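Asks: The opening residue of the sequence shown carries number 1 in full-length UniProt numbering; numbering runs sequentially from there.
Structure in structure tokens, see below.
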Amino acid sequence: MANQNNSKKNRQEQEELEQRILERLKQQVFDKDEELKNHQNDQSVREATKEALADMTSLEKEDVDQLYQRIKREEHEKVARERLSKKTKKNILYFILFAFGLIGTSIAYYFLAPEPVLFSYTEDFEAESSIFIDEESYKYKKTIENGELIYESNIDEWCYWNSSPTIKFPKNYTIIAKSNWKTGSYAMYGLNLINNNENYMIFSLNKEGKSNISVRHYDKYTDNDWDYKIFTDKSNTHTQRIEVKNGLYEYYVDDKFVRKGNLAPFDFNYVGFRLCDHQTIGFEEISMKNNDTGEYLIQESFENPTSQTLTDWDVESKFSYTFEQKEGKFIMNHNDEGYCHRTEAFLPTIRQDEKWELSTDVTWKEGEQADFGILFISDDGEIGEFMISSAGKAVFKLVDQNFKINHESNYIPTGFVSKGKETYQLTIKSVEDNKLEFYVNDRKVLTEKKSFSKIEKIGLITCGEQIVEFDNVKYEEK
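In structure tokens:
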């Protein structure tokens with residue numbers, strides 16, 4: 001009966017949360033709608049408004065989606081903090097001492113200053129809900145079906161691409177790609193001209209009819225505004241064309257001119273398809289023609305794919321990952337070779353100069369010998385990751401908000417090798433002299449200088465293709 005009551009209560013809380021999100025969304029949508037209508041006397045704004053707003057509220061669906069996602073994130077973070085606060089109240093004790101005077105004179109009450117309260121929290125995953133978020137099953141895949149390269153992702157706010165075989169780009173060329181938007185969000189998709197993973201040029205459009213050109217050059221990202229529409233029809237099929245001559249480009253969508261300019265300041269080696277967020281795109285054909293010789297360097301319709309086609313276009317690659325709380329454990333089932341994913345939880349406000357200890361029990365279940373472990377996130381967004389592999393080697397990394405590694409220790413053999421289902425205890429200790437100490441099963445394996453003053457989140461991390469089980473995540477101030 002208790003479990004039924006808890007389940008009913010959780011469902012009721014979830015319904016109340018969704019209702020708050022929708023109420024805030026409606027309020028902000030209609031506020032923005034009213035603001036736009038107040039400018040109807042301006043002819044240019046009126047025309048832009050007619051084009052941009054949806055039927056019901058005068059707002060584009062893209063704007064409503066963005067408002068919804070922002071409000072949803074705010075509400076979920078609020079709930080996470082409230083849930084953590086409720087769970088930790090039982091661990092906080094305030095000692096108020098009273099002194100009584102001698103009977104016969106007077107009775108005086110004195111409040112003695114309380115001792116500093118040290119925060120402690122343990123997540124054992126036994127309750128129905130956890131401070132760590134159970135992620136939905138994220139998936140990404142490419143297949144060839146009915147003459148299209150079907151590119152699919154359900155990972156919000158992430159972008160993915162594949163690429164052609166290596167190409168020697170001529171001086172003057174034309175690239176044409178035909179795509180068919182299938183389902184999902186109205187996020188960007190289109191073509192990549194690629195040097196490597198850190199240097200590429202993106203020619204994008206979206207289902208709303210807007211287009212964009214952007215360049216990533218190492219850590220610098222230049223993104224032109226999505227401030228105009230290229231098409232307003234309801235068709236899902238569109239053709240992109242890039243005309244290049246002597247280092248200059250002209251970009252067209254459905255034979256309508258979009259923009260011209262200089263190519264990115266680096267050489268290209270590949271052409272690729274790209275999509276972002278939660279959507280499915282069918283790429284029907286792509287070609288690349290040397291305008292000086294008339295030779296086609298690429299001419300692919302995906303009508304009769306061969307094994308070479310599958311290899312060349314990196315088809316049949318996919319990944320997924322699922323985080324779930326199950327039978328008193330937190331399971332991270334990760335199938336994304338070469339990448340890492342994290343789940344995070346807020347800590348309450350803590351002292352600026354605290355000493356603390358963060359630990360977890362972790363069991364490697366199956367898969368490759370990739371890294372997994374525990375992490376903290378500082379007040380400036382820097383991520384500290386202490387990880388081990390089933391081969392028994394430990395490492396500490398500092399990663400910035402864009403997941404660029406700023407510091408990485410050597411991989412240290414710990415002597416603990418998982419031959420199948422062994423459980424490690426990983427511990428990070430913040431001690432005096434601005435040091436961090438790292439332990440595996442109470443054996444100190446690393447010492448690092450601490451380069452931050454405060455942490456705001458703790459989390460778990462899994463990399464590569466493996467299944468890892470976590471339990472007893474504990475944070476203590478010392």
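Where a beta carbon is used, it is the ideal one built from N, C-alpha and C, also for glycine.
These numbers come from a predicted model, not from an experiment.
Let me make sure I understand the geometry here. Which of Trp356, Ala370, Gln325 has the alpha-carbon closest to that of Glu337?
Replies: Cα-wise, what sits closest to Glu337 is Ala370.
Asks: Per DSSP, what kind of secondary structure is Lys425 in: helix, strand or coil?
Replies: Reading off the sequence shown, one finds Gln at residue 425, where the question assumed Lys. Gln425: strand per DSSP, three-state reduction.
Asks: Could you give the first and the last residue of the continuous beta strand (DSSP E) run that contains Gly367?
Replies: Gly367 -> beta strand (DSSP E) spans 356 to 367.
Asks: Apply the 10 Å Cβ neighbour rule to Arg443 and answer buried if 16 or more other Cβ atoms are within range, or exposed otherwise.
Replies: Per the 10 Å Cβ criterion, exposed.
Asks: To the nearest angstrom, how far is it from the Cα of Glu324 to the Cα of Asn192?
Replies: Those two C-alpha atoms are separated by around 35 Å.
Asks: DSSP has Gln466 in a bridge; who is on the other side?
Replies: Paired residue(s): His334, Gly367.
Asks: What number of angstroms, rounded off, separates the C-alpha of Val271 from the C-alpha of Val395?
Replies: Computed Cα separation, rounded: 36 Å.
Asks: Residue ranges of each alpha helix (DSSP H) run of no fewer than 4 residues wholly in the segment 222 to 257, ordered along the chain?
Replies: With a minimum length of 4 residues, no continuous alpha helix (DSSP H) run stays inside the segment 222 to 257.
Asks: Rank Lys289, Arg259, Ser287, Lys207 by C-alpha distance to the C-alpha of Glu279 and give the top, closest one.
Replies: Checking the sequence shown, residue 279 turns out to be Gln, not Glu. Comparing Cα positions, the closest option is Lys207.
Asks: Grab the span of the beta strand (DSSP E) containing Ala177 for me, first residue to last.
Replies: Taken as a continuous stretch (DSSP letters only), the beta strand (DSSP E) holding Ala177 covers 173 to 184.
Asks: Which residue or residues does DSSP assign as beta-bridge partners of Met387?
Replies: BP columns for Met387 point to Gly373, Val395.
Asks: Would DSSP call Gln325 helix, strand or coil?
Replies: Three-state DSSP puts Gln325 in a strand.
Asks: Phe302 and Ile167 - do their beta-carbons sit closer together than 9 Å?
Replies: Not closer than 9 Å, so no.
Asks: Does the beta-carbon distance from Val468 to His341 come in below 9 Å?
Replies: Against a cut-off of 9 Å, the Cβ pair of His341 and Val468 comes out as no contact.
Asks: Alpha carbon to alpha carbon, how far is Asn472 from Ser390? Give it in angstroms, no decimals.
Replies: Ser390 and Asn472: Cα-Cα distance of roughly 19 Å.
Asks: Taking DSSP's pairing of strands, which residues face Arg259 in a bridge?
Replies: Tyr251, per the DSSP bridge assignment.
Asks: Do the segment 228 to 247 and the segment 139 to 150 meet, that is, are 3 or more Cβ pairs less than 8 Å apart?
Replies: Flag = no, the segment 228 to 247 and the segment 139 to 150 do not touch.
Asks: Candidates Ser179, Thr363, Glu300: which alpha carbon is nearest Pro165's?
Replies: It is Glu300.
Asks: From Asn180, Lys457, Gly247, pick the residue whose C-alpha is nearest to that of Lys260; which is it?
Replies: Nearest of Asn180, Lys457, Gly247 to Lys260, Cα basis: Gly247.
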